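Positions -32 to -1, 1 to 234 (mature numbering (1 follows the signal peptide of the UniProt record, and there is no 0)) are the ones given, in order, by the sequence shown. Quick reminder that beta carbons are idealized off the backbone N, C-alpha and C, glycines included. Keep in mind that this is a model prediction, so the values were computed, not measured. Read through the structure below, which is laid out as structure tokens, and then see the notes.
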Amino acid sequence: MPSTGKLRIIRRVNFLVSAALLAIATISPALAGWGMPDPITDQAERIEDLWIFTLIIALAVFFAVESALLYAIIRFRKKSDELPKQTHGSTAIEIVWTAIPVLIVIALFSYSFIVLRDVEKKASDDALTIDVTGFQFSWEFVYNLNDLGKNTQPNAEGQFSIIGTAANEPTFVIPVGEPVEFRLKSNDVIHAFYIPNFLYKLDVIPGRDNRFVITAKETGEFTGQCAELCGLNHALMRFHVRVVEREEFDKWVAEQAGARPSVRQP
């Protein structure tokens, strides 16, 4: 029959295993998507890959540290009143536990820089450009008729805008499978342009034009919002983006260009 000490260890191990299984069962739905919204752009997929890479490294470090801790607790637990053998440092171990974090930081920095450079790179000449203005408390999306991407008419003149109001959340439209550049600016305070399915957020700052490029890979309607507390009605700064085929996009542009411009509601 196991001794009292061994029974105590067995109970602890059973508790830890049961707790681990319960945690896995609880978070398994989130793990199906790694806890992230479904990426709908090429750039979002790169960002998701970076997130997964970072998470894997974090989990590896966590399990390595916890395993070492459990090993030390069990292997070097007190067995008698005799003073155990003492260890006074190890140069090799100290080099290893210094080198590994340095390598991890270098890997994370390099990968993050590459992904960020791809997301914020200058748009190609055939990209659709949308000028986005954040204001208290909604959004304005401006399309220039001579900068509509693949089917642009170089000599086209004019523009149209989609302007949100306190009572009406704006919806803008982009074509699927084509690069779209967003140029962001604010006329009042700092806002943040955020569409969860883009897996990306960029500040909208007065006096500074920020920009980023995406290429949507699936059609549908998705919700965005301001992600920077910008005043009492911050919660009203929601908007929607519809991703459609190019033919439907051209039809929508023709309808908007022929309609009367919207009027911003105070």
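{"Asked": "Val148 and Glu213 closer than 8 Å at C-beta", "Found": "no"}
{"Asked": "Within 8 Å, strictly: CB atoms of Phe140 and Ala225", "Found": "no"}
{"Asked": "Which of helix, strand or coil DSSP assigns to Arg158", "Found": "Reading off the sequence, residue 158 comes out as Ile, not Arg. It is coil, neither helix nor strand."}
{"Asked": "Secondary structure, beta strand (DSSP E): runs of 3+ residues fully inside the segment 138 to 188", "Found": "139 to 143, 147 to 154, 159 to 163, 168 to 172, 178 to 183"}
{"Asked": "Backbone secondary structure at Ser129 - three-state DSSP", "Found": "strand"}
{"Asked": "Contact check, Phe180 vs Val209, beta carbons under 8 Å", "Found": "no"}
{"Asked": "Pairwise C-alpha distance: Leu37 and Cys194", "Found": "43 Å"}
{"Asked": "For Ile98 and Phe81, believed in contact at Cβ under 8 Å, the rounded distance", "Found": "Actually they are not in contact, since the Cβ atoms of Phe81 and Ile98 sit about 26 Å apart, beyond 8 Å."}
{"Asked": "Helix, strand or coil at Ile8 [DSSP, three-state]", "Found": "coil"}
{"Asked": "Which listed residue (Gln11, Pro69, Gly126) has its alpha carbon closest to that of Phe30", "Found": "Pro69"}
{"Asked": "Integer Cβ distance of Asp177 from Arg151, believed to fall under 8 Å", "Found": "6 Å"}
{"Asked": "Through-space distance from Ala32 to Val166, alpha-carbon basis", "Found": "Going by the sequence as given, residue 166 is Phe instead of Val. Using only the alpha carbons, I get a separation of about 33 Å."}
{"Asked": "Nearest-angstrom Cβ-Cβ length linking Ala184 and Ile8, presumed shorter than 8 Å", "Found": "6 Å"}
{"Asked": "Secondary structure, beta strand (DSSP E): runs of 3+ residues fully inside the segment 32 to 115", "Found": "96 to 103"}
{"Asked": "Pairwise C-alpha distance: Trp107 and Gly175", "Found": "17 Å"}
{"Asked": "Closest by C-alpha distance to Thr59, when choosing among Glu137, Ala67, Pro52", "Found": "Ala67"}
{"Asked": "Spatial neighbours of Leu96 in its chain, beta-carbon cut-off 6 Å, leaving aside the 5 residues before and after", "Found": "Leu116, Gly117, Val148"}
{"Asked": "Alpha-carbon spacing of Leu219 relative to Ser78, whole angstroms", "Found": "The residue you asked about is not Leu; residue 219 is Lys in the sequence shown. Those two C-alpha atoms are separated by around 43 Å."}
{"Asked": "Closest Cα partner of residue 256 within the set Ala40, Gly57, Gly188, Phe21", "Found": "Within the shown structure, residues of the chain are numbered from -32 to 234, placing residue 256 beyond reach of any answer."}
{"Asked": "Reference Val73; option with closest CA among Ile25, Asp17, Glu50", "Found": "Ile25"}
{"Asked": "Own chain residues within Cβ distance below 8 Å of Phe44, not counting five before or after", "Found": "Pro52"}
{"Asked": "Rounded separation between Asn112 and Val100 - CA only", "Found": "12 Å"}
{"Asked": "Nonlocal neighbours in the same chain, by C-beta distance under 8 Å from Val157, ignoring five residues either side", "Found": "Gln104, Pro174, Cys198, Gly199"}
{"Asked": "Burial state of His159 (16 or more Cβ within 10 Å)", "Found": "buried"}
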